Each structure stands twice: as C-alpha cells, then as structure tokens.
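Undergrad:
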Amino acid sequence: MINWFKYSSPKMFYPLAGKLIPWFAAAAAILAIIGMYVGFFMAPTDAQQGEGYRIIFLHVPVSWMSMFIYLVMAFWAAVGLAFNNRLAAMMASALAPTGAMFTFLSLWTGALWGKPMWGTWWVWDARLTSELILLFLYIGFMALQSAVDEPRRADKAGAVLALVGVVNIPIIYFSVQWWNTLHQGASVSLTQAPSMAMIMLVGMLLMALASWMYTVAIALMRVRCIILEREQHAGWLDELKEVKQ
Amino acid sequence: MRRKSDVLTPLFFFVIVVSLFPLGIGSERDTLRQIAPGILWVAALLATMLSLDRLFEQDYADGTLEQMALSPAPLGMLVLGKVVAYWLLTGFPLTLLAPLLALQFDLPASSLLVLAASLALGTPVLSFIGAIGASLTLGLRGGSVLIALLVLPLYVPVLIFGAGSVDAAAAGLGATANLSLLGAVLVLTGFFAPLATTVALRIALE
Chain A
1 MINWFKYSSP KMFYPLAGKL IPWFAAAAAI LAIIGMYVGF FMAPTDAQQG EGYRIIFLHV
61 PVSWMSMFIY LVMAFWAAVG LAFNNRLAAM MASALAPTGA MFTFLSLWTG ALWGKPMWGT
121 WWVWDARLTS ELILLFLYIG FMALQSAVDE PRRADKAGAV LALVGVVNIP IIYFSVQWWN
181 TLHQGASVSL TQAPSMAMIM LVGMLLMALA SWMYTVAIAL MRVRCIILER EQHAGWLDEL
241 KEVKQ
Chain B
246 MRRKSDVLTP LFFFVIVVSL FPLGIGSERD TLRQIAPGIL WVAALLATML SLDRLFEQDY
306 ADGTLEQMAL SPAPLGMLVL GKVVAYWLLT GFPLTLLAPL LALQFDLPAS SLLVLAASLA
366 LGTPVLSFIG AIGASLTLGL RGGSVLIALL VLPLYVPVLI FGAGSVDAAA AGLGATANLS
426 LLGAVLVLTG FFAPLATTVA LRIALE
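Line by line, the protein sequences give chains A and B.
Heads up: the first sequence at position 104 corresponds to 104 in the working numbering, and the numbers run straight through without jumps.
Heads up: the second sequence at position 18 corresponds to 263 in the working numbering, and the numbers run straight through without jumps.
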C-alpha cells in the first residue's frame, strides 16, 4: 500500500505535483477542444434562444466550478487547521484565485448572455446575487491572507474565514432566494430552462470536466510557487534541478 | 470601547447617514416611506461596523487578552461577555434611536415597533459576526477596512430578514416569519460565533 501521508510534506509533494501538472493540463486541453467542438458544431441551434445560447457551454461549467472550488478550498483549509498541516493550507490559498476567477467569469458570461436573452445585463435574481456574494467571500479570503505578514497566521486566519463562509453559504443562499421571491414575482430563472437536448448536456459536462482539470493543473502550479516561496530556507530546495541552474 | 467617543461616534454616524438619503434622493414621502427600512438597516450595518476594530484592540495591545486566554474561565464565555457588552454600547442605543429616525421617513406607527424588534434581534447577530472579523484582523495593518470586506458579505441574511420584516409589516403581511428567521440566526450565531472568535483569537495570540 502506498503511504499517502508521505505526500503531505511540501518536500515530497513538490516533485509529485510537477509530474502531475502536464497530465492534468493535457486532459484540460483535450477535453476543452472536444467540448468546444460539441458546443459549437454538434449542438443544434436552440429554438428559442438562437445561437446566443451557446455561451452556456462556458457559463454553466464555470458557475459549477466557482461553487465547487469554494467547497474544496474550505475542505483543505479545514484539514490544514485540524492537522496543523502546512501543505493543505497552501492548497487552500492556491485555489482561491482560480475560484475567484471562475466566479467572475460566471458573472461576466451571465451578463453577456442576459443582455440578448433578458434584455438586461443584470437582474437581482437570487442566483446572480448569491454568486456575487460568493465573489465577495473569495475576495475577502484573499485580502485577509495578503494582509497577514506571517504565513502560518495567514493560513489559519484564512482557514477560519473560509469555514465561517462555508457555514454561511446555505444561509446566504436561502435568504437571497426568499428575499427575491418575497419582493417580486417569478422572473426568468435558470432552473426553468427548457429541457435540454442530450448533446448539449454532453458538451456542458465535457467543458465542466475541462474546467476541473484546468483547476487542478493551475492549483498545483500555484502551490508549487507557494512552496518555493515559503520554503526558501529549506535545504532540499537547493538540490532541485530547476533551482541549481 | 472605554472612551465616550467610541460609543457616540457610531450613533451620530448612523443619524447623519440616515439623514443624507433624503437629501440625495429627494423628499417625496411615498418614496421615502418605501425605502426607509432598507436605509435604516444598511446604515445600522455600517454604524455597528465602525467601532468593530476596537473590540479586542486595546486588550490585545496591553496584554489583557493574553491573560484572558490563560485564565481558567473558558475563553468562549469571556468572548460572549465582551460581545454582549459591545452590543449594549453599539447595537442597543441604535435600536432605541432607529424608530425616532423612522418617523422622519413617515413610517406608520405599526412598522416602528417591528423595526425596533428586528433591530433588537438583528444587531446582536451583527456584533457576533463582527467579533469574528475583529479577531481575525487583530493587530493587522489596515484592519478596520479589512473587517468591512470580511464581514459585510456575511451580514447579508441579517439585512434581508431585518429590512424584510419591516417591509412585510408595512405591506400588511405580518412580520412574524422574518422575525422568527432573525431569531433563528441569532441563536445559531450566538452559539457558533464565540467558538470561531475563540479560535481566531488564539491564532492571533500565537
């Protein structure tokens, strides 16, 4: 049996991450190419929305990833806090910028889709609002970590914030939903989208997998950078090929 | 929070911010009546946040906090006491003052009571969540601005239920549902927030 805990130290994890990155990056590229081919050429034009609907092949996967990454980030933050593990905390900080980027992309592509479909860039719909608040949570997490000089304290403070945020997300989500339904009648909602053709679903799933692989690759790259930055004084760094040169 | 100005400044801030809105929006009574709950609640959020960075700062600077962490009494209970004291100095006066300001916005008398009740239930939640933000940013540069960034997104449910209760009362729907939700949020944060604050304080003291 492989001893998985071996890789919980930055020294062991650094070369492993280096070996894994090309695989995940290649998977992301291939899946994205197939997904985009399905999205652009194989999926039929939507009867109601015309060609403009094709932005959902980007919009839906990035929205899924924006929420999923927050959960993963909170998971690593919790592991880092509970086991006092540096690598897990580094993983959490490595995920945050990607999560914020996906959240922003989700809002941006949503606005691009909303203008032709709903006739407006933005509505105070429950989903849009909670996605916006998710972006604020990501920004708060990154702002707190960058404000703390001492890395270990930054890790732990960020972990507490991420966990408080994760507890709050359902409450925020439901409050926003009730606020919306209390105030105005049913506006256009993504949940009421016409039942989807199989090929569209396949395209969307492919793109979601591509974003997932991309996230893993980019998070591993970023965690390698964080390791290099934090472990500057560690002896094992000097023996690395890329450092020797 | 040991100086008079720490208590009075947020209160006057609240009064000034609330009186700025009619100047910016115009003095039409119908409009004002409609937006009054939202304005009063948003102003309350900002006012209670103003002095948050002072919640633990002095104790941290003079070492009292360390003594509290070392004392045999559980730190969570001490934090609870501090938050309650903080609320009595910031949230409570605000709750008493808000109905008076609501009169300026021509809110009906029935809504005034609901407004006071919603603030009485909601401002303690703000203090509890604010304590988490205050403990996380303890001793950091630019801590007070950072607190706003951390804490305001978490205030969203309180704002929605609080302003919603006054809106519902004005619309004749009854405010019980919103007030019950606020009460539930208060119970939840009252239990969990001191725990999170304790963890954050221990991290800051390390």
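Glycine is no exception: its CB is placed at the ideal position from the N, C-alpha and C atoms.
The structure presented is a predicted model; accordingly, all values stated were derived computationally and were not measured.
Mind reading off the beta-carbon distance from Ser106/A to Val166/A? Whole number of angstroms is fine, and I expect it under 8 Å.
TA: Incorrect: roughly 18 Å between the Cβ atoms, too far for contact.
Undergrad: Residues in the stretch 161-179 of chain A with C-beta within 9 Å of chain E's C-beta atoms, listed in sequence order?
TA: Chain labels in this structure do not include chain E; the protein chains are A and B.
Undergrad: What did DSSP end up calling Asp351/B once you bin it into helix, strand or coil?
TA: Of the three classes helix, strand and coil, the one that applies to Asp351/B here is coil, per DSSP.
Undergrad: My output table needs one value for Gly158/A: the three-state DSSP class, helix, strand or coil.
TA: Reduced to three states, the DSSP call for Gly158/A is helix.
Undergrad: Would you mind telling me which residues of chain A sit closer than 7 Å to Pro402/B, beta carbon to beta carbon, in chain order?
TA: Going along chain A in sequence order, the residues near Pro402/B (Cβ under 7 Å) are Ile171, Ile172 and Ser175.
Undergrad: Using the rule of at least 16 other Cβ atoms within 10 Å of the residue's Cβ for burial, across every protein chain shown, is Asp304/B buried or exposed?
TA: Answer is buried; the Cβ neighbour count reaches 16.
Undergrad: Evaluate contact between the stretch 95-105 of chain A and the stretch 128-136 of chain A, counting only Cβ atoms and requiring at least three cross-stretch pairs below 8 Å.
TA: In short, these stretches touch, since the Cβ pair count reaches three.
Undergrad: Can you tell me whether DSSP reads Gly50/A as helix, strand or coil?
TA: Correct three-state label for Gly50/A: strand.
Undergrad: Below 8 Å between beta carbons: does that hold for Ser9/A and Leu81/A?
TA: Going by C-beta atoms, Ser9/A is not nearer than 8 Å to Leu81/A.
Undergrad: Since I believe Pro116/A is in contact with Gly203/A (beta carbons under 8 Å), could you give me their beta-carbon distance rounded to a whole number of angstroms?
TA: With 8 Å as the limit, Gly203/A and Pro116/A do not qualify as a contact, their Cβ atoms being about 20 Å apart.
Undergrad: To the nearest whole angstrom, what separates the beta carbons of Ala347/B and Leu360/B, a pair I think is in contact under 8 Å?
TA: About 6 Å separates the two Cβ atoms, so the contact holds.
Undergrad: If you measure from the beta carbon of Val223/A to each beta carbon in chain B, is any gap under 8 Å?
TA: By this cut-off, Val223/A is not an interface position.
Undergrad: Could you work out which residues of chain B lie near Val38/A, taking near to mean beta carbons separated by less than 8 Å?
TA: The contacting residues do not exist; Val38/A stays about 36 Å from chain B at best.
Undergrad: Can you tell me where the alpha helix (DSSP H) with Leu268/B in it begins and where it stops?
TA: Start and end: Lys249 to Ile270.
Undergrad: Along chain A, which residues have their Cβ under 8 Å away from the Cβ of Ile245/B?
TA: The structure shown does not extend to residue 245/B, since chain B is modelled only from 246 through 451, so no value can be given for it.
Undergrad: Tell me whether Ala197/A is buried or exposed, calling it buried when 16 or more other Cβ atoms sit within 10 Å of its Cβ.
TA: The residue in question, Ala197/A, is exposed, as its Cβ has fewer than 16 Cβ neighbours within 10 Å.
Undergrad: Do three or more CB pairs link the stretch 266-274 of chain B to the stretch 290-297 of chain B at distances below 8 Å?
TA: Contact fails: fewer than three Cβ-Cβ distances are below 8 Å.
Undergrad: Give the residues of chain B in contact with Phe136/A, contact being defined as C-beta atoms less than 7 Å apart.
TA: Ordered by position in chain B, the residues that pass the 7 Å Cβ test against Phe136/A are Pro398.
Undergrad: Determine the chain B residues that contact Leu71/A at a beta-carbon separation under 7 Å, and present them in chain order.
TA: Going along chain B, no residue has its Cβ under 7 Å from Leu71/A, so there is no contact; the nearest lies around 17 Å.
Undergrad: Where in the stretch 310-343 of chain B do unbroken runs of the alpha helix (DSSP H), each at least 4 residues long, occur, reported from the N-terminal end onward?
TA: Fully enclosed alpha helix (DSSP H) runs of 4 or longer: 320-334.
Undergrad: Does the separation of the CB atoms of Leu334/B and Val252/B fall below 8 Å?
TA: The answer is yes: Cβ separation under 8 Å.
Undergrad: Using a Cβ-Cβ cut-off of 8 Å, state whether Pro194/A counts as contacting chain B.
TA: Below a pLDDT of 50, predicted positions are generally treated as unreliable, and Pro194/A, at 49, falls in that range; the measurement from the model is reported next regardless. Closer than 8 Å: no.
Undergrad: Are there 16 or more other CB atoms within 10 angstroms of the CB of Leu71/A, so buried, or fewer, so exposed?
TA: Looking at its Cβ environment, which holds fewer than 16 other Cβ atoms inside 10 Å, Leu71/A is exposed.
Undergrad: So if I threshold CB-CB distances at 7 Å, which residues from the stretch 346-380 of chain B count as touching chain A?
TA: Hits within the stretch, in order: Ile377.
Undergrad: Can you give me the start and stop residues for the alpha helix (DSSP H) that Ala77/A sits inside?
TA: Residues Ile56 to Ala82.
Undergrad: So, for Pro282/B: in the same chain, excluding its five sequence neighbours on each side, which residues have a beta-carbon less than 6 Å away from its beta-carbon?
TA: Around Pro282/B: Ala408, Val411 and Asp412.
Undergrad: With a threshold of 8 Å between beta carbons, is Val252/B in contact with chain A?
TA: So, not an interface residue.
Undergrad: In three-state DSSP terms, what is Trp302/B?
TA: Here residue 302/B is Glu; the residue named in the question, Trp, does not match the sequence. The answer is helix: DSSP assigns Glu302/B an H, G or I state.
Undergrad: Is the Cβ of Arg86/A closer than 8 Å to any Cβ of chain B?
TA: False, the Cβ-Cβ gap to chain B never drops below 8 Å.
Undergrad: Could you check whether the stretch 348-359 of chain B touches the stretch 271-280 of chain B, counting it as contact only if at least three pairs of C-beta atoms, one from each stretch, sit closer than 8 Å?
TA: Yes: at least three Cβ pairs fall under 8 Å.
Undergrad: Helix, strand or coil for Gln279/B, going by three-state DSSP, please let me know.
TA: Note: Gln279/B maps to helix in three-state DSSP.
Undergrad: For Leu431/B, which of helix, strand or coil comes out of DSSP?
TA: Here Leu431/B sits in helix by DSSP.
Undergrad: Would you mind giving the Cβ-Cβ distance between Ala162/A and Val148/A, rounded to the nearest angstrom? I have them listed as a contact below 8 Å.
TA: That belief does not hold up - the Cβ atoms of Ala162/A and Val148/A are roughly 14 Å apart, past 8 Å.
Undergrad: Taking C-beta to C-beta, are Ala219/A and Leu95/A nearer than 8 Å?
TA: Yes, they are a contact pair.
Undergrad: Indicate the three-state DSSP secondary structure (helix, strand or coil) for Asn168/A in the structure shown.
TA: Reduced to three states, the DSSP call for Asn168/A is helix.
Undergrad: Between which two residues does the alpha helix (DSSP H) carrying Ser146/A extend?
TA: Looking at the DSSP string, the run of the alpha helix (DSSP H) that includes Ser146/A is Ala126 to Ala147.
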